[in-house]
Amino acid sequence: MDPSARIPTVDLALWASGGRRARAALAADVDRALRGAGFLQVTGHGVEPELPAAIRSEARAFFLLPDAVKAPYGVRVGGRGWLGPGTEANGYAEGSFTPPDLKESLSFASEEPVGDPAVDAEWFVPNTWPAEAPRLRPLVEAYTARMRGLSDRLLALLGVALGAGEDFFTRHTRHPTWGFNVNWYPGRDRVGPPEPGQFRIGPHTDFGTVTVLDRQPGRGGLQVFTDDGWADAPYAADALTVNIGDLMARWSGGRWRSGRHRVLPPPAEDPAEELMSLVYFYECDPGTTVHGIDAHAYLRSQLDAITAITAE
1 MDPSARIPTV DLALWASGGR RARAALAADV DRALRGAGFL QVTGHGVEPE LPAAIRSEAR
61 AFFLLPDAVK APYGVRVGGR GWLGPGTEAN GYAEGSFTPP DLKESLSFAS EEPVGDPAVD
121 AEWFVPNTWP AEAPRLRPLV EAYTARMRGL SDRLLALLGV ALGAGEDFFT RHTRHPTWGF
181 NVNWYPGRDR VGPPEPGQFR IGPHTDFGTV TVLDRQPGRG GLQVFTDDGW ADAPYAADAL
241 TVNIGDLMAR WSGGRWRSGR HRVLPPPAED PAEELMSLVY FYECDPGTTV HGIDAHAYLR
301 SQLDAITAIT AE
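Just so we're aligned: 73 in full-length UniProt numbering is position 73 of the sequence shown, and the numbers increase by one with no gaps anywhere.
In structure tokens:
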């Protein structure tokens, strides 16, 4: 089956302004998609294209710096700063000990404290902003503010799709944690040929509630796992790609599927292909329990799990 049939495009403007029948039809489409591949595309999201374009430009200038300049910003998975080559191996999360992912990332996260010292020290510490990319901070802060609002709109839609009401999820996102990665996927001309079983990002599912992805199409791009196997994810320039993570799948009582995906290695037929994705991971308030699981204990265990052995 064409993956676009399994991954519908949902117009959030219609969700906001449509009548009862239109909203019910959209919610039914979302429910079907999340029972299948666990992915959607969304339009009507209100994010102007100039903002992600500016983030890419500023971030790329940082990524192209020598590693010695970037090294002071280096962090482990789950930290705030630069995730250099060999730091992350997403396939580890599902027990596949693949070679490290062929990417670099700049990673940021929620930083407004809740007032609990232990929680703040783990989940709400200040971000690190590279001095070599001075325009990055205001751009990322503007973008992540839009992403948080968008994610809550998506959670309201998901609450209705589940038949549980618009605030079923959002009452647990009053002071949530979130993460934001700018993922850079260099070409073979920079990283060389991939090792056997090596990807730009290895096969995995995300860990939280919803992930909102602004991506670029390419031969070494996003693939989604469906009942028919791996398939290239559909792409539309005006759409954002959304998938649900493990916590949301559990929150749905197993009705929905956490969206399994991977990013293909840099292609041999286009060795200079370079892509960049903006990935916003939305979670929930600290202390949230999802069907008996402490949400943030789970999130921390999964972040630890994808730290590449070579990064130790």
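Idealized CB from N, CA, C, for every residue including glycine.
Just so it is clear, the structure is predicted and the values come from calculations on it, not from any experiment.
Counting only runs that start and end inside the segment 174-229, the alpha helix (DSSP H) elements of at least 4 residues fall at 188-191. Nearest neighbour of A131 by Cα position, chosen from P113, W82, W178 and L154, turns out to be W82. Rounded to the nearest angstrom, the Cβ distance from A161 to A27 is 4 Å, consistent with a contact under 8 Å. Across the structure, D270 and R20 are spaced so that their CA atoms are roughly 48 Å apart.
Spanning the alpha carbons of G187 and P266 requires a straight line of approximately 6 Å. With contacts defined by Cβ atoms closer than 8 Å, T288 and H172 form a contacting pair. Looking from the CA of F168, the closest CA among S301, L65 and V290 belongs to V290. For W82, the enclosing beta strand (DSSP E) starts and ends at G81 to L83.
Annotation for R146: V47 place their beta carbon closer than 6 Å to its own, counting only its chain and skipping 5 residues before and after. Here the alpha carbons of G292 and E122 stand approximately 21 Å from one another. For L275, no alpha helix (DSSP H) segment is defined; the enclosing uninterrupted segment is the beta strand (DSSP E) at L275 to Y282. Residue environment analysis places E283 among the buried positions, since at least 16 neighbouring C-beta atoms fall within 10 angstroms of its C-beta.
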